[in-house]
Every structure is written in structure tokens, then in C-alpha cells.
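Colleague: Below you will find the structure I want to go over with you.
Chains as they are written, first to last, in our numbering: chain A, 38 to 220; chain B, 38 to 220.
So this is what it looks like as C-alpha cells:
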């Protein structure tokens with residue numbers, strides 16, 4: 038089929054919050070029939086693979102209300118309005134870990150849940166880390182514990198389901214691939 | 038901080054649809070203060086890295102209304118109520134690609150967007166593929182084109198942003214890692 042597009046017939050905003058907006062859309066399918074689409078709009082986010090001079094991966098342990106549990110993730114955060122993703126990455130790294138970095142490289146970007154959400158995450162690699170005194174503070178509703186893991190520890194955390202989210206599993210696999218390619 | 042838990046004070050269902058439910062929760066933070074959490078409830082999903090006997094990766098091109106564009110993804114789909122993830126993987130593989138497989142192995146599971154959603158994806162590796170005649174049909178609002186890519190083509194698709202979602206980028210990187218480790 039050449040054209041898979043679904044044209045919007047009608048769109049209704051159900052909810053507009055601090056993090057997400059929910060739209061209920063009626064669309065015309067490629068065969069002319071109609072269907073409903075539930076769409077979550079999200080501002081987008083960044084995540085940072087931050088590697089210390091001791092070759093450890095900087096992680097944050099964080100309670101995730103959606104999962105009703107804590108998980109261990111690479112530092113990440115939502116884009117502010119009109120914020121440049123690279124600046125957002127530097128800001129989130131400092132706020133969540135107190136680290137600043139000498140080099141920051143965009144590795145990839147991906148949509149997390151294209152079936153129902155437009156959230157995109159830009160993943161950066163940060164090196165040349167140093168702790169900043171009096172670093173920028175977390176949002177007042179954010180509480181995290183910092184952990185610095187070797188690659189082997191991070192792989193074990195995946196097996197133990199302490200690391201359990203797409204961006205962090207991507208990050209660990211990225212580092213495994215770099216290590217395998219360097220041999 | 039030992040206990041990062043956020044206790045639910047109040048939860049309100051804003052929307053309940055075919056794919057997602059939206060809850061607005063008021064929580065008590067670790068410091069005793071209150072905050073709002075916007076939570077998307079999702080039934081969970083499976084995705085399948087399906088490798089043909091010619092060592093190609095089976096992909097589906099699909100229009101994603103949330104992104105207003107088509108992207109190329111590994112086959113995937115939502116869990117039905119009380120459906121076993123492995124059975125769901127076999128069902129979705131057949132519906133989307135007409136392939137059945139001799140072996141199916143769970144590789145990993147991950148939450149896609151832990152900041153606001155409880156969607157989990159179980160990723161399977163399927164081998165020993167054969168096309169089934171009169172295979173199970175797609176849902177009536179699903180339209181896909183099938184593509185079979187070499188690993189090199191898939192890597193190029195990521196560069197070209199034709200492949201653009203977390204599970205498929207994870208899948209391609211998984212195959213790159215297996216290839217690098219086999220050398």
C-alpha cells in the first residue's frame with residue numbers, strides 16, 4: 038500500500054496537564070473507513086549516558102509513580118518550552134547528579150511509544166565529568182539517589198530488573214557494543 | 038535517601054479508552070509535601086525481532102498517528118486481557134507479517150516511558166520463520182507494509198530516521214552486539 042496516512046477528521050482535547058496532553062482523534066483510514074486514536078502529547082525529553090573518569094556509568098535511582106516502584110535510570114528529564122536539547126541535557130545532568138561535563142555528543146533520538154504518544158528522547162554521551170559545587174537543584178518534587186556502576190554491574194542490574202526502562206537498557210547495550218567493537 | 042516512595046493520597050480517572058487510561062493522582066512526597074502525578078495506564082505490549090533464514094530482519098512500515106508519519110518498526114502489538122506475552126508475540130507476528138516461527142525466546146522487557154506511563158514491552162527473538170497461508174488477519178484499523186532488511190540496511194534506516202522508535206533501535210543494536218560478539 039503506497040499511502041498509509043490517516044487523515045484527522047476531528048480532534049478533541051480531553052486533558053491538558055503539566056506533563057501530558059490527551060487528545061481523542063477521529064481519523065480516516067487508508068480504506069476510507071473511520072477509527073478513533075488516543076494520542077498523548079508530550080514535550081519530549083533528553084537522557085544522558087554520563088561516564089566518569091573511572092569508567093563508571095552515572096545512574097539515578099528514582100521512584101516512578103506510574104510503576105509504583107523505584108528503578109535505576111540514566112539521568113533524564115523533560116524539555117522546557119523552546120529549550121535546546123543539548124542545553125537541557127547539561128541542565129538535567131547537573132540538577133540530578135551535580136556533574137558538569139567537558140564533552141557532550143548526541144548519540145541518537147527515538148520515540149518511546151509511537152503507538153499512542155509523541156514523546157521523543159534525545160540520548161547524549163557525556164564525558165570529562167567533574168562535580169560542581171553549589172550545583173543547580175532538582176525540581177521540588179524530585180528525589181533521587183545517585184549510583185555509579187561499572188558496565189558489569191549495570192548488566193547485572195538489568196538481570197535483576199533494577200534497571201528496567203527502554204532508554205537505560207539502550208544505554209547499557211550501547212556501552213556493551215562499544216566495548217565489543219573495541220576488542 | 039532510604040525511602041523514595043510516593044504514597045497515593047487521591048486518584049481520579051480522567052479518561053478510559055481502548056488503548057490508554059489516564060489517572061490524575063495526588064501523592065505525598067518523601068519530604069511530606071504533596072504533588073500531582075499524571076499517569077497513563079496501558080495494557081503492555083510485545084515486540085518481535087524476527088530473523089529469516091536469509092538472515093534478514095522482518096519489519097513493518099506503519100502510519101503512527103501520534104507522530105503524523107510512517108515509521109519502520111519490528112512487529113509489535115498490545116497484550117489482550119490476560120493474554121500470555123509469548124502467545125501474543127506469536128499472534129502479532131502472524132497477523133502483521135504472515136510468519137510463524139519454530140523458536141521464540143524472550144530477550145528482555147522494558148518500560149517505555151516510566152516518567153508518565155506503565156507501558157511495558159516484552160521483546161522476543163523469533164527464528165525458523167515460514168510464511169503461513171491464510172494467516173490470521175490484522176485488526177480492521179491496521180494497515181502495514183512488510184520490509185525485510187539486512188542489518189546494514191537497518192542501521193542505515195536509523196541514520197535516515199525511517200527507524201525511529203525505542204524498541205526497534207534496541208533490536209538493531211541487539212543484533213549489532215550479537216554480530217560483534219561472534220567475531
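The beta carbon of each residue, even a glycine, is placed where N, CA and C say it ideally should be.
Only a predicted model underlies this, so the values are computations on that prediction, with no experimental measurement involved.
Got a sec? Which residues, its chain only, sit under 7 angstroms from residue 168 of chain B by beta carbon, not counting five neighbours each side?
Modeller: 135 and 136
Colleague: Step through the CB atoms of chain B and report whether any lies within less than 9 angstroms of the CB of residue 42 of chain A.
Modeller: yes
Colleague: Per DSSP, residue 58 of chain B forms a beta bridge with which residues?
Modeller: B:53 and B:78
Colleague: With 16 as the cutoff for other CB atoms within 10 Å, does residue 150 of chain A come out buried or exposed?
Modeller: Residue 150 of chain A is buried by the Cβ-count criterion.
Colleague: On the three-pair Cβ rule with 8 angstroms, is the region 67-74 of chain B touching the region 92-101 of chain B?
Modeller: no
Colleague: Going by beta-carbon coordinates alone, are residue 205 of chain B and residue 108 of chain B separated by less than 9 angstroms?
Modeller: yes
Colleague: In angstroms with no decimal places, state the Cα-to-Cα distance between residue 160 of chain A and residue 133 of chain A.
Modeller: 16 angstroms
Colleague: Here's the rule: buried if 16 or more other CB atoms are within 10 angstroms of the residue's CB, otherwise exposed. What is residue 208 of chain B?
Modeller: buried
Colleague: Look up residue 134 of chain B in the DSSP assignment and say whether it is helix, strand or coil.
Modeller: helix
Colleague: Please state whether DSSP places residue 116 of chain A in a helix, a strand or coil.
Modeller: coil
Colleague: What are the start and end residues of the beta strand (DSSP E) that includes residue 107 of chain B?
Modeller: 106-110
Colleague: Please name the residues in the region 137-151 of chain B whose beta-carbon is closer than 9 angstroms to at least one beta-carbon of chain A, in chain order.
Modeller: The region 137-151 of chain B vs chain A, Cβ under 9 angstroms: 145, 146, 147, 148, 149, 150 and 151.
Colleague: Under a three-way DSSP split, which group does residue 100 of chain B fall into?
Modeller: strand
Colleague: Among B:84, B:43 and B:125, which one has its Cα closest to the Cα of residue 221 of chain B?
Modeller: Residue 221 of chain B lies beyond the stretch modelled for chain B, which goes from 38 to 220, so this question has no answer here.
Colleague: Listing by chain order, which chain A residues have their CB less than 8 angstroms from the CB of residue 193 of chain B?
Modeller: Residues of chain A passing the Cβ test: none, with the nearest at roughly 14 angstroms.
Colleague: Specify, as a first and last residue, the run of the beta strand (DSSP E) that residue 162 of chain B falls within.
Modeller: If you look at residue 162 of chain B, you'll find it in the beta strand (DSSP E) that goes 157-164.
Colleague: Using only the alpha-carbon positions, how far apart do residue 82 of chain B and residue 143 of chain B sit?
Modeller: 13 angstroms
Colleague: Taking 9 angstroms as the threshold (beta carbon to beta carbon), is residue 159 of chain B in contact with chain A?
Modeller: no
Colleague: List the DSSP bridge partners of residue 202 of chain A.
Modeller: B:148
Colleague: Going by the CB atoms, is the gap between residue 61 of chain A and residue 53 of chain A shorter than 9 angstroms?
Modeller: The criterion of a C-beta distance shorter than 9 angstroms is not satisfied by residue 53 of chain A and residue 61 of chain A.
Colleague: Does any CB atom of chain A fall closer than 9 angstroms to the CB of residue 101 of chain B?
Modeller: yes
Colleague: Which chain D residues sit within Cβ distance under 9 angstroms of residue 57 of chain B?
Modeller: The structure shown contains no chain D; its protein chains are A and B.
Colleague: May I ask you to list the residues that DSSP assigns as paired with residue 209 of chain A?
Modeller: Answer is none; residue 209 of chain A lacks a bridge partner.
Colleague: Report the neighbours of residue 38 of chain B on chain A: residues whose CB is nearer than 7 angstroms to its CB, in chain order.
Modeller: 180 and 182
Colleague: Between residue 46 of chain B and chain A, is there a C-beta pair that is closer than 9 angstroms?
Modeller: By the rule that beta-carbons nearer than 9 angstroms mark a contact, residue 46 of chain B does not touch chain A.
Colleague: Starting from the beta carbon of residue 66 of chain A, find every residue of chain B whose beta carbon is closer than 8 angstroms, and list them in chain order.
Modeller: 178 and 180
Colleague: Among the candidates A:138, A:198, A:153 and A:173, whose CA atom is the shortest distance from the CA of residue 86 of chain A?
Modeller: A:138
Colleague: For residue 202 of chain B, which residues in the same chain have their Cβ closer than 8 angstroms to its Cβ, ignoring the five residues on either side in sequence?
Modeller: 108 and 110
Colleague: Check whether chain A comes within 9 angstroms of residue 202 of chain B, counting only Cβ atoms and requiring the distance to be less than that.
Modeller: yes
Colleague: Could you pull out every residue in the same chain whose Cβ sits closer than 7 angstroms to the Cβ of residue 63 of chain B, ignoring the five residues on either side in sequence?
Modeller: For residue 63 of chain B, where only same-chain residues beyond five positions count, the Cβ hits under 7 angstroms are 46, 47, 71 and 73.
Colleague: Going along chain B in order, which residues have a C-beta closer than 8 angstroms to the C-beta of residue 54 of chain A?
Modeller: 61, 73 and 75
Colleague: For residue 107 of chain A, decide whether its Cβ has a neighbour in chain B, counting only Cβ atoms nearer than 9 angstroms.
Modeller: Closer than 9 angstroms: yes.
Colleague: What is the DSSP secondary structure of residue 44 of chain A, counted as helix, strand or coil?
Modeller: Here residue 44 of chain A sits in strand by DSSP.
Colleague: For residue 141 of chain A, which of helix, strand or coil comes out of DSSP?
Modeller: strand
Colleague: Could you name the residues of the same chain whose beta carbon sits closer than 7 angstroms to that of residue 199 of chain A, not counting the 5 residues immediately before and after it, in chain order?
Modeller: 108 and 109
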